[in-house]
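Let me begin by presenting the structure, written as structure tokens, before commenting on it.
Numbering (the UniProt record's numbering), first residue to last: 1 to 147.
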């Protein structure tokens, strides 16, 4: 993976974690961004340095999802199977879908396939193949309606 691709992947994973924290604890956006920039992005755990995240990209995804959450949730809800609501989804899964949908809606610079694949990869960090396929299906459906 090239440096910029790796740093974007790290930014996406961190954005999902930050959005999860925002959703669960209601951490104010400015504090949340500051905490992630200072303590989580590019840090080392067990001598393994995490890829330096693309900070402006991280900031954009987090701020964008928070600012456009209602619009994003509406787009996601429209693509869930009948009888399913966003409230039934695992909280981490919801943040993965929100971040992916945000990129598809707002980041024309990111190719559709790349955005979907990247969030399927993020899903693999937390879930099994079945859930990763779910992310692929939902984001693919969102992409068809917003691009």
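The beta carbon of each residue, even a glycine, is placed where N, CA and C say it ideally should be.
Since we're looking at a predicted model, the values are computed, not measured.
- Annotation for residue 36: no alpha helix (DSSP H) segment contains it, and DSSP assigns it neither H nor E.
- Residue 106 and residue 73 have their C-alpha atoms roughly 14 angstroms apart.
- For residue 28, no alpha helix (DSSP H) run applies, since DSSP gives it neither H nor E.
- Counting every other CB atom within 10 Å of its CB across the protein chains shown gives residue 64 a total of 16 or more, marking it as buried.
- Residue 90 and residue 127 have their C-alpha atoms roughly 10 angstroms apart.
- Short of 7 angstroms from the beta carbon of residue 33, and not among the five residues preceding or following it, lie these beta carbons of its own chain, in chain order: 59, 62.
- Boundaries of the alpha helix (DSSP H) harbouring residue 91: 91-106, taken from the DSSP string.
- One Cα belongs to residue 140, the other to residue 130, and the distance between them is close to 15 angstroms.
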